[in-house]
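Going from the sequence shown to our numbering is simple: count from 1 and add 223.
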Amino acid sequence: MCDRGINDREIAERAAGQHLWLLPLSSSYLRKPAFHGFILGFGSTKAEEIPTCVRKLAALLKTN
């Protein structure tokens, strides 16, 4: 979960431009989201690619 000040949908959209597929947590709420963040899945990612993906995500979160 992230600070409420972030727009998880916007970050997920920017992440897609870097071939990172994130599901915004806020899209799981029927009403106003109580939390923002991401649902992550690494099932189709090679183990050696995960550190690079995590660094890309960290960079996106820092620029938000």
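Idealized CB from N, CA, C, for every residue including glycine. Computed from a predicted structure; not experimentally measured.
* Where do the N-terminal and C-terminal ends of the alpha helix (DSSP H) with E272 fall, by residue? -> No alpha helix (DSSP H) contains E272, which DSSP labels as neither H nor E.
* Pairing CB atoms from the segment 231 to 243 with CB atoms from the segment 272 to 287, are three or more of them under 8 Å? -> yes
* Asked: Between S249 and D231, which are expected to be in contact by the criterion C-beta below 8 Å, what is the C-beta distance as a whole number of angstroms?
  -> Contact between S249 and D231 holds, since their C-beta atoms are separated by about 5 Å, short of 8 Å.
* To do: Report the rounded CA-to-CA distance for A235 versus A257, giving the unit in angstroms.
  => 18 Å
* To do: Within 10 angstroms of the Cβ of F265, are there 16 or more other Cβ atoms? Answer buried if so, exposed if not.
  => exposed
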